[in-house]
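Residues -9 to 453 in the working numbering are what the sequence shown spells out, letter by letter. Where is the CB? At the ideal position from N, CA and C, for every residue including glycine. Below: the structure, in structure tokens.
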Amino acid sequence: MTTPRKLHIKSYGCQMNVYDAQRMVDTLAPEGFVETDSADEADLVILNTCHIREKASEKVYSELGRLRVMKDDAARSGRQMNIAVAGCVAQAEGEEIIRRAPVVDVVVGPQSYHHLPQLLARAKSAGRALETEFPLDDKFGFLPAPTRQAIRARGISAFVTVQEGCDKFCTFCVVPYTRGAEVSRPVARIIDDVKRLVDNGVREISVIGQNVNAYHGEGPDGRPWPLGRLMHRIAEIPGVERLRYSTSHPRDVDDSLIEAHRDLPALMPFVHLPVQSGSDRILAAMNRKHTADDYRAVIDRFRDARQDIAFSSDFIVGFPGETEEDFSATLALVTQIGYAAAYSFKYSPRPGTPAADMQETVSPEVMDERLERLQILIDSQQSAFNLAAIGTTVDVLFERPARNEGQIVGRTAYLQPAHVMASPDIIGKVLPVRIESLERYSLLGRLASPAAIAQRAPMTSGA
Ligand code: SAM
Ligand code: SF4
């Protein structure tokens, strides 16, 4: 038997990258690679990179500097270490990476990582291998299924990519260039993936895509199915306790998705719906193709369908030309909607995107100040949302032992971490929990008595 080779993957950025990293592990397992947590003992280190903002991209080069030292140390002790750069920086800066970091053996874009074994072989014979074209073959048709052990080790909640790429071309965003055109996987393949996961203990499925509600994969009837119909089909699979999807675009919210929220108890009432700005002028310059009122109307449709629904969002501050009035419109939108959580970013010009050529830049000081004001508002909404859980009984899907001895941690419908003292047998179960207190962002409570279960009250959204 050959000695297993050790593989270490460091992933940056979005949940699509987390999923891709797992599939890279699955791709390399038949080649004898096993995962390790420590980079310095690895035979292969993969940096699975993110290009969305400048800070994220630059991290790659500083990490490669550290890896160069490790690779030299390994060589001195007679061991060969290979280094691969995958993900969106690999796609956007392939040749540049090779030029700036000769330590790199393989560069592979996000659509080509199913070719990793061949690329490693090519690097061995030729010294280097680079693949950043969008290949004609669909990687999902080639990726080996995860082993039972891999699924079990990854826990009771799993991502399944159903859609990739984006055709929206928001003027600030690199995704259409790094991930390519929008494609949807066929329903039957997704169902096979979900069944395999559930058969091996997964209880929560999060279907993901760069623009997941643009999903239009081929259904068993040969016609394109929208995301809402896919959700109905997945919810029918025995063992799927919870269902989520991310990230959606306000323009692609259709009746099928709203109906899925109305009809499917397994579909969690928590929707990540990025809006970016509350100013119509900025939304137009961003090419979002919706107004702030369109967004408000979409939120109302969700709320009409399911009154306990809550929202999170993404915001960009300091987009070129953003005035104080535009920014006030963003604050007004946030105040009106009332979010359970939200992410906010300073605008970062990305090479090759239309916004990078826009002239009216906002100064770094103004950006900092606006970001701080927005984050204070969002934090206050998030705290109010979390505090509202105290004294209520909520369903928690238990995931794993917590760091504190004897505690088990799970998540509420709104992804709030919730801790209880209990035996590990509850892992994988959805149980009602009486929430007693809040510690930073974590809820603390106790498993509810049967009487409390009968009087369970739904949580309300907003702050
Ligand atoms: N597809 C999603 C959508 O349409 O909203 C978002 C995908 S993107 C990976 C995640 C978030 O990163 C965006 O919602 C946006 O807020 C932020 N982002 C993208 N490009 C950015 C840039 N150039 N500068 C700052 N933030 C950016
Ligand atoms: Fe980027 Fe999302 Fe816009 Fe697509 S819809 S270009 S992924 S921000």
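Three-state secondary structure assigned by DSSP to residue i
i	result
THR467	As displayed, the chain neither begins before -9 nor continues past 453, which places residue 467 out of reach and without an answer.
GLY77	helix
ALA119	strand
GLN70	coil
LYS0	strand
VAL173	strand
ILE88	helix
GLU359	helix
ASP284	helix
GLU21	helix
LEU254	coil
VAL352	coil
LEU247	helix
ARG13	helix
THR450	Because THR450 sits at a pLDDT of 41, beneath the cut-off of 50, its placement in the model cannot be relied upon, and the point is left open.
THR402	coil
GLY308	coil
ALA332	strand
PHE162	coil
ARG179	helix
Euclidean distance between Cα positions of residue i and residue j
i	j	result
PRO214	ASP16	29 Å
ASN376	VAL184	31 Å
SER439	GLU53	50 Å
ALA319	SER334	15 Å
GLY396	VAL230	27 Å
PRO(-6)	ALA11	19 Å
ASP284	VAL93	49 Å
LYS129	GLY3	21 Å
GLN5	GLY77	12 Å
SER373	SER427	12 Å
ALA274	ARG56	42 Å
GLY99	MET411	44 Å
LEU34	ASP62	14 Å
PRO344	GLN365	27 Å
ARG66	ASN394	42 Å
MET455	ALA19	Because residue 455 is not part of the residues shown, which for the chain are -9 to 453, the question remains open.
GLU455	SER302	One cannot answer for residue 455 here, as it falls past the ends of the chain, which runs -9 to 453.
GLY68	PHE317	58 Å
ARG138	ARG144	10 Å
LEU437	THR382	12 Å
LEU217	ILE327	24 Å
Selected residue, minimal CA-CA separation from residue i, among the options
i	options	result
ASP290	MET276, HIS251, PHE309 and THR313	HIS251
ILE227	PRO92, ARG118, ILE181 and ASN277	ILE181
ALA178	THR383, GLY209, ASP358 and THR320	GLY209
LEU220	LEU187, ARG175 and ARG193	ARG175
ALA111	TYR51, VAL96, PHE301 and GLN153	VAL96
LEU257	ILE299, ARG393 and ILE272	ILE299
GLU172	GLN139, LYS419, CYS156 and PHE162	CYS156
LEU323	ARG186, ARG286, ILE141 and ILE88	ARG286
ALA74	ARG13, ASN190, ILE(-1) and PHE132	ILE(-1)
GLN200	THR382, ASN72, GLU154 and GLU359	GLU154
HIS239	GLU249, ARG271 and ILE198	ILE198
GLY131	ALA140, HIS105 and GLY381	HIS105
ALA392	ALA403, ARG363, PHE317 and PRO414	PRO414
GLY435	HIS409, SER47 and GLU429	HIS409
VAL50	LEU37, MET60, ILE88 and VAL59	LEU37
ASN277	PRO310, ASN203 and ARG296	PRO310
Chain-order list of residues whose beta-carbon lies under 6 Å from that of residue i (same chain, five-residue window excluded)
i	result
PRO107	GLU21
GLU25	LEU(-3) and VAL15
SER196	PHE149 and ARG234
ARG13	LEU133
ILE417	PHE388
PRO354	none
ASP304	PRO264 and TYR333
SER47	HIS41 and VAL79
Cut-off 8 Å between Cβ atoms - residues of its own chain near residue i, not counting five sequence neighbours on either side
i	result
VAL8	SER1 and PHE149
GLY342	ALA82, VAL164 and TYR167
PRO407	VAL399, GLY400, ARG401, TYR431, SER432 and LEU433
SER28	HIS(-2)
LEU254	MET221, HIS222, ALA225 and LEU233
Residue i beta carbon near the ligand SAH (any heavy atom closer than 7 Å)
i	result
CYS4	For the ligand SAH, the structure offers nothing, since it holds only the ligand SAM and the ligand SF4.
Contacting residues, own chain, Cβ-Cβ under 7 Å from residue i (five flanking each side not counted)
i	result
GLU315	none
THR31	A small correction: the amino acid at residue 31 is Glu; Thr does not occupy that position in the sequence shown. Contacts found: LYS(-4).
LEU405	PHE260
Exercise. Taking three-plus beta-carbon pairs below 8 Å as touching, is the stretch 342 to 356 in contact with the stretch 416 to 427?
Worked result: no
Exercise. If we count Cβ pairs, one from each stretch, closer than 8 Å, do we get three or more for the stretch 72 to 88 versus the stretch 111 to 123?
Worked result: yes
Exercise. Below 8 Å, can you find three or more Cβ-Cβ pairs linking the stretch 259 to 269 to the stretch 361 to 379?
Worked result: no
Exercise. How do the stretch 38 to 49 and the stretch 159 to 173 stand: do at least 3 beta-carbon pairs fall below 8 Å, yes or no?
Worked result: yes
Exercise. Is the stretch 235 to 249 close to the stretch 383 to 403, with three or more CB pairs under 8 Å?
Worked result: no
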